[in-house]
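Residue numbers (full-length UniProt numbering): 1 to 114.
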């Protein structure tokens with residue numbers, strides 16, 4: 001199972017910082033998002049792409065997590081030669097993060113990480 005099965009996401013940018021909001025499709029799945037979509041797992045998921053810190057802000061009233069990824073946009077819109085200088089595709093990449101299913105097994109067969 002991947003995060004896309006449980007949530008949708010939106011991305012925004014400010015300079016070289018990408019903000020990605022992950023919103024549970026069903027409020028009942030929010031505790032699973034909180035448990036599994038950790039700073040450590042997001043940092044590992046974007047390894048090789050980030051040059052800075054990752055911070056997570058929980059918004060339980062909205063059933064959402066907001067991640068701030070520093071150094072994620074190649075210097076920012078005015079300095080980057082990337083095709084996606086605003087980093088909008090990073091939201092789709094975030095949704096590829098493996099999460100455990102109801103049986104505790106991730107899409108790749110490993111137990112989900114908490």
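All C-beta atoms in this analysis are idealised placements derived from N, C-alpha and C, irrespective of residue type, glycine included.
Across the structure, residue 55 and residue 5 are spaced so that their CA atoms are roughly 23 Å apart. Separation of the CB atoms of residue 72 and residue 23 is rounded to 19 Å, and the pair is thereby denied contact status at 8 Å.
With contacts defined as CB atoms closer than 8 Å, residue 65 and residue 46 fail to qualify as a contacting pair.
Taking each of 92, 89, 3, 51 in turn and checking the Cα distance to residue 25, the smallest one comes out for 3. Residue 37 and residue 48 have their C-alpha atoms spaced approximately 18 Å apart. By alpha-carbon distance to residue 59, the top candidate from 21, 98, 28 is 21. Looking at the backbone, the Cα of residue 93 and that of residue 44 are separated by about 12 Å.
Ranked by Cα distance from residue 7, the first of 53, 63, 35 is 63. Taking the Cα positions, residue 101 is about 14 Å away from residue 30.
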